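Participant:
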Amino acid sequence: MKKVIIILLTLSLIVVGTSFAQVSWGFQLGLSTPNDKINDVWNRDNLKDIEGLGKIWRDGTKLGFNLGIGMRLPLSRYFAFTGGVGWHIFPKTEMIIKDPTDTLNKVTLETKQNIFPISVGVNGYFINTSFIGIYAVGNLSYNLIANSVNYLKGDVPIPLAMSPTDHRIGCSFGAGFDFDFKVLLMNLEIKYNIANLIGKVGDENIKSFLSVDLGIYFGRSFTE
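Residue numbers (numbering that gives the first Met the number 0): 0 to 223.
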């Protein structure tokens, strides 16, 4: 299933390349509000079954930010094909590995997350005038979820993966507003993003975040 989606993403980008003259390009910057599973580095809540170390206690993930490059290919007045590459950056948080039988801290770790989505999708416009457009958006994405881990206190006698990386298929959906100033188009978009919809292993939890982005595009958002 994952290979099929990757092939579809690739073919979509090829189609866009053949219609380059009609494509509008832009960039975006915004905030990313994560759920409490984004920093689930090893995709499990304890290491007891494998390493005999105990339960992992994680800080709540903090507000992050994102930036990206996007494109739009108008299909009609009310639909546009979209694609883009993004970078979602989440600040450092702490993890503590504790013995489940007592309250003593065994190891304190620091972790940070970066998510890199490559996405394609469709904007469907409810309203699209010469100045304002209001639309719903749906995307599929191929996500690289990169984690970094550092020791703050203590150590463990066995090796832990300090830079675990996951590759997952995700999706996003939401709504947006376009403001057409002729020379450029300004955009406000709100999306709910699931980074690991397809490809989860074991008891891996859903990793999701809400993104609110401001963007600037050069080119028309629709065809007559």
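Even glycine gets a Cβ: it sits at the ideal position worked out from N, Cα and C. All values derive from a computational prediction rather than experimental measurement.
Quick one: residues in its chain with C-beta nearer than 6 Å to the C-beta of K111, no 5 flanking neighbours on either side, listed in chain order?
Facilitator: If we look at K111 and ignore the five residues flanking it on each side, its Cβ neighbours are K91, S147.
Participant: Please classify V200: is it buried, with 16 or more other beta-carbons within 10 angstroms of its beta-carbon, or exposed?
Facilitator: Flag for V200 reads exposed.
Participant: Note down the Cα distance separating W41 from L187, rounded to an integer number of angstroms.
Facilitator: So the two alpha carbons sit approximately 34 Å from each other.
Participant: In its own chain, which residues sit with a C-beta less than 7 Å from the C-beta of I49, not counting the 5 before and 5 after it?
Facilitator: For I49, the predicted structure reports a pLDDT of 48, less than 50, and the residue's modelled location is therefore unreliable. A value from the coordinates is still provided. No residues qualify anywhere along the chain.
Participant: With 16 other CB atoms within 10 Å as the buried threshold, where does T60 fall?
Facilitator: Answer is buried; the Cβ neighbour count reaches 16.
Participant: Measure the C-alpha to C-alpha separation of W56 and E203 and round it to an integer number of angstroms.
Facilitator: So the two alpha carbons sit approximately 16 Å from each other.
Participant: Report, in whole angstroms, the separation of the C-beta atoms of D179 and S129, which I expect to be a contact under 8 Å.
Facilitator: The pair is a contact, with the Cβ atoms about 7 Å apart (cut-off 8 Å).
Participant: Would T164 be called buried (16 or more neighbouring beta carbons within 10 Å of its own) or exposed?
Facilitator: Exposed, because fewer than 16 other Cβ atoms sit within 10 Å of the Cβ of T164.
Participant: Between G169 and the rest of its own chain, which residues show a CB-CB distance below 7 Å, the 5 nearest in sequence each way excluded?
Facilitator: These residues qualify, in order along the chain: P116, S140, N142, N192, I193, A194, N195, L196.
Participant: Using only alpha-carbon positions, find the residue among V84, Y150, F64 that is nearest to K105.
Facilitator: The option with the nearest alpha carbon to K105 is Y150.
Participant: Residue range of the beta strand (DSSP E) that G59 falls in?
Facilitator: First-last for G59: undefined, no H or E at that position.
Participant: To the nearest angstrom, how far is the alpha carbon of D58 from that of D44?
Facilitator: Spanning the two alpha carbons is a distance of roughly 12 Å.
Participant: So if DSSP puts W24 in a beta bridge, which residue, or which two residues, is it bridged to?
Facilitator: DSSP lists M70, F217 as partners of W24.
Participant: So, for G137: in the same chain, excluding its five sequence neighbours on each side, which residues have a beta-carbon less than 7 Å away from its beta-carbon?
Facilitator: Same-chain partners within the cutoff: G120, V121, F172.
Participant: Quick one, which of M94, I131, K152 has its alpha-carbon nearest G175's?
Facilitator: Cα-wise, what sits closest to G175 is I131.
Participant: Compute the distance between the beta-carbons of I95 and T81, then report whether it is under 7 Å.
Facilitator: No, the Cβ-Cβ distance between I95 and T81 is not below 7 Å.
Participant: What number of angstroms, rounded off, separates the C-alpha of I189 from the C-alpha of L209?
Facilitator: Rounded to the nearest angstrom, the two C-alpha atoms are 7 Å apart.
Participant: Can you tell which of D39, N38, R167, L184 has its C-alpha closest to the C-alpha of G69?
Facilitator: Selected option, being the one with the closest Cα: L184.
Participant: Can you look up I168 in the DSSP assignment and give me helix, strand or coil?
Facilitator: Three-state result, I168: strand.
Participant: Reducing DSSP to helix, strand and coil, say where S207 ends up.
Facilitator: Looking at S207 - three-state DSSP - the assignment turns out to be strand.
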